[in-house]
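As structure tokens, the structure follows; a few thoughts come after it.
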DNA sequence: CTGAAAGCGCTTACAG
DNA sequence: CTGAAAGCGCTTACAG
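Protein chains in written order, with the UniProt record's numbering: chain R, 1 to 351; chain D, 1 to 351.
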């Protein structure tokens, strides 16, 4: 029931080195003001004893508080996607705040690059030691990353990556393979003519969407499955624009068997199919949004591909904590699982 | 950079209640020897301040070490399923051992009820405060649970449940719905005659398997999909018995389109289908075993249903930690997600 | 360059 | 039934 006494701490090191524990502390943390000689002596003893600092005691004694910042999209009416990462962030927050970690939140509008820049500016005014970022706007994010870099602030990315930036880590989907899995699932619903529509509903078509589509197409070429793939881009995300664009393309291609939506806006397409009574068309898209789940349950959406958004938020923050507080190494790239959600298993999904 | 002073600890509670911190400590831990009156007063202040104990300080000051025991199947040559929960257990272990938690491991042989009883006996000799159990053998487990009960040792179950026992929690699959999802997935592969084989490879056919099969059958009745379901039980798990049984049933029912294996032994069926060149038959089963993944990649298995075994181990241990160390409430039943694994997304699965 | 002392927020005997 | 004091393994001013 008692803790074994074979534990050696700073006290024992100090005793063996004939110095005070303050000096031992200085050496452990590489602080200045210790003679080379005592430093060597202490380091030798540390090695000999295989000393492991007690983080509990360390955090308890240290009155420093570590400030982390989060810069992600605001939860909007359009989509509740960002509720989940925020949930994960808050979960991490409540776990680590007792260790003297403080989290600052900055939210930007996904439809407004200016709001991103504004929030980024505000963030940089604070004295933060780490940043969790969703680099939604590529160019603006790169600039922000640069600014963090000069301030030596480590960054964790979630949801989408910015290749070639010197970030601490990326936690999010493998886009190519997500598209690949989507194609595989769609083939289950293909009957005769094998004609598929890829729909891109987004203001900008960036590297991310290209990767998804590339993965999607690769599945068919890899398997020598002939499949005619029609693609449309819908730049305006409002209902009317989507309806118009889809009406047009379905008129031109009456024999479409399935639709793949490259992001979470699959609910817009589901709504259209429902209204136009084209429930014969199979539909697949991304993300565990309430609206999407409703259409999944109605049978209008066949599959949703999800990447545990809540866990992305949680893990992102914990990666910064690991690095900054525990000084532990952090995995540079962590791909989330590619989860397949159907009407039958959705109730058990844990974001 | 400094900790904000808005934190209220035992000291502040003691000050407000006009008592010593020792008395506050007694109330916090429900120890005896405090008058009802001061108890009430202190509890009121605790509530008012929304006091959250500092676990770091608590564990640091307490020289008690808490011992938990794990009683699960040994990783065997037959199946590496139990590697995953063990991994999760070790992950939890390394997270909480710095808080003075010690874990004792007891492994039994899934083919040998005696080994379970023997290990259970050994476990009960130790002074443990909590047990993580996989109640694989029903009657023997019930007896063991009873013994723990008299010793007031809380139990967390993983992988399978023992209904009607007074356990702290169950963390594992929802069997009925797992069968249901399996049926749904199989329908994607059904063509004309809609004839399916359900295979049960197990020494005993207990409540668990019945639930899975019930879920499987319910899908077809719920959707008015006529489907002829043939079922066989293979009591001996060796290769020869499986081969013989399958040969016989495939001879009798040449027009089978798909096979559903109700547990992780789907690899045995895959191996048979491969040898007998019946790759036209769709196959679905459970669990992320190396052998299963190999057959998934070869295309012999179409889907695997998985329930995050690693996380079951992790969560099981953490539930005991939550209860015993933090005194926090624990969810009585936690169903794992019903994960759908295909060849295309398996590489990203995190057990 | 070094050390003595106070303190982090708790728990644990011990004394009354 | 209650409190004073020591201590967990560290860190942090402060003094020299």
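A virtual CB, placed ideally from N, CA and C, is assigned to each residue, including glycine. Since we're looking at a predicted model, the values are computed, not measured.
What number of angstroms, rounded off, separates the C-alpha of residue i from the C-alpha of residue j?
i, j, result
"residue 8 (chain D)", "residue 313 (chain R)", "29 Å"
"residue 241 (chain R)", "residue 78 (chain R)", "15 Å"
"residue 315 (chain D)", "residue 171 (chain D)", "7 Å"
"residue 38 (chain D)", "residue 22 (chain D)", "12 Å"
"residue 60 (chain R)", "residue 100 (chain R)", "8 Å"
"residue 187 (chain R)", "residue 90 (chain R)", "39 Å"
"residue 190 (chain R)", "residue 166 (chain D)", "50 Å"
"residue 137 (chain D)", "residue 121 (chain D)", "15 Å"
"residue 347 (chain D)", "residue 147 (chain R)", "36 Å"
"residue 267 (chain R)", "residue 245 (chain R)", "15 Å"
"residue 95 (chain R)", "residue 341 (chain D)", "31 Å"
"residue 192 (chain D)", "residue 258 (chain D)", "11 Å"
"residue 169 (chain D)", "residue 333 (chain D)", "6 Å"
"residue 352 (chain R)", "residue 129 (chain D)", "Absent from the model: residue 352 (chain R). The displayed extent of chain R is 1 to 351, so no value can be given."
"residue 281 (chain R)", "residue 273 (chain R)", "8 Å"
"residue 218 (chain D)", "residue 45 (chain D)", "54 Å"
"residue 349 (chain D)", "residue 337 (chain R)", "5 Å"
"residue 270 (chain R)", "residue 319 (chain R)", "37 Å"
"residue 123 (chain R)", "residue 286 (chain R)", "30 Å"
"residue 212 (chain R)", "residue 161 (chain R)", "13 Å"
"residue 376 (chain R)", "residue 149 (chain R)", "Any answer about residue 376 (chain R) is impossible in this case: the structure gives chain R only from 1 up to 351."
"residue 103 (chain R)", "residue 68 (chain R)", "5 Å"
"residue 80 (chain D)", "residue 88 (chain D)", "14 Å"
"residue 4 (chain R)", "residue 24 (chain R)", "Its pLDDT being 45, under 50, residue 4 (chain R) is placed unreliably by the model, and the measurement read from it follows with that caveat. Cα-Cα distance, rounded: 23 Å."
"residue 275 (chain D)", "residue 203 (chain D)", "24 Å"
"residue 83 (chain D)", "residue 233 (chain D)", "26 Å"
"residue 228 (chain D)", "residue 290 (chain D)", "31 Å"
Less than 9 Å between CB atoms is the rule here; does residue i satisfy it with respect to chain R?
i, result
"residue 165 (chain D)", "no"
"residue 349 (chain D)", "yes"
"residue 8 (chain D)", "no"
"residue 312 (chain D)", "no"
"residue 211 (chain D)", "no"
"residue 352 (chain D)", "Residue 352 (chain D) cannot be examined here, being either before or after the span of chain D that is shown, 1 to 351."
"residue 2 (chain D)", "Any reading at residue 2 (chain D) needs caution, since the residue's pLDDT is 41, under 50, leaving its predicted position unreliable; the model's value is listed next. Output row for residue 2 (chain D): interface = yes."
"residue 322 (chain D)", "no"
"residue 219 (chain D)", "yes"
"residue 52 (chain D)", "yes"
Taking residue i as part of the alpha helix (DSSP H), name the residues at either end of that continuous run.
i, result
"residue 121 (chain R)", "113-125"
"residue 294 (chain R)", "290-298"
"residue 148 (chain R)", "138-150"
"residue 85 (chain R)", "83-96"
"residue 258 (chain R)", "Counting along the chain, residue 258 (chain R) falls outside any alpha helix (DSSP H), though it belongs to the beta strand (DSSP E) covering 258-261."
"residue 177 (chain R)", "175-187"
Against residue i, what residues of chain R qualify as contacts under a CB-to-CB distance less than 8 Å, listed in chain order?
i, result
"residue 208 (chain D)", "None at all; the shortest Cβ gap to chain R is about 17 Å."
"residue 229 (chain D)", "By Cβ distance, chain R contributes nothing, its closest Cβ being about 18 Å from residue 229 (chain D), past 8 Å."
Can you tell me the Cβ-Cβ gap for residue i and residue j, rounded? I've got them flagged as a contact below 8 Å.
i, j, result
"residue 49 (chain D)", "residue 13 (chain D)", "7 Å"
"residue 181 (chain R)", "residue 305 (chain R)", "6 Å"
"residue 133 (chain R)", "residue 157 (chain R)", "6 Å"
"residue 214 (chain R)", "residue 260 (chain R)", "Going by Cβ atoms, the distance from residue 214 (chain R) to residue 260 (chain R) rounds to 13 Å, so no, they are not a contact pair."
"residue 255 (chain R)", "residue 284 (chain R)", "Wrong, their Cβ atoms sit about 18 Å apart, outside the cutoff."
"residue 308 (chain R)", "residue 344 (chain D)", "Incorrect: roughly 17 Å between the Cβ atoms, too far for contact."
"residue 278 (chain R)", "residue 250 (chain R)", "7 Å"
"residue 220 (chain R)", "residue 179 (chain R)", "Contact flag wrong, Cβ pair sits at about 11 Å."
"residue 351 (chain R)", "residue 298 (chain R)", "Actually they do not touch by this definition, with Cβ atoms about 21 Å apart."
Comparing the C-beta of residue i with each C-beta of chain D, is any distance below 9 Å?
i, result
"residue 335 (chain R)", "yes"
"residue 339 (chain R)", "yes"
"residue 90 (chain R)", "no"
"residue 151 (chain R)", "no"
"residue 273 (chain R)", "no"
"residue 185 (chain R)", "yes"
What span of residues does the beta strand (DSSP E) with residue i cover, start to end?
i, result
"residue 195 (chain D)", "195-201"
"residue 172 (chain R)", "169-172"
"residue 67 (chain D)", "66-73"
Output, in chain order, the set of chain R residues within a Cβ distance shorter than 7 Å of residue i.
i, result
"residue 57 (chain D)", "60"
"residue 194 (chain D)", "Under the 7 Å cutoff, chain R gives no residues; its nearest Cβ is about 16 Å from residue 194 (chain D)."
Residues of chain D with CB closer than 8 Å to the CB of residue i, please, in chain order.
i, result
"residue 180 (chain R)", "344"
"residue 99 (chain R)", "56"
Counting only Cβ pairs nearer than 7 Å, list the residues of chain D close to residue i.
i, result
"residue 188 (chain R)", "188"
Applying a beta-carbon distance threshold of less than 9 Å, which residues of chain R neighbour residue i?
i, result
"residue 177 (chain D)", "344, 345, 347 and 348"
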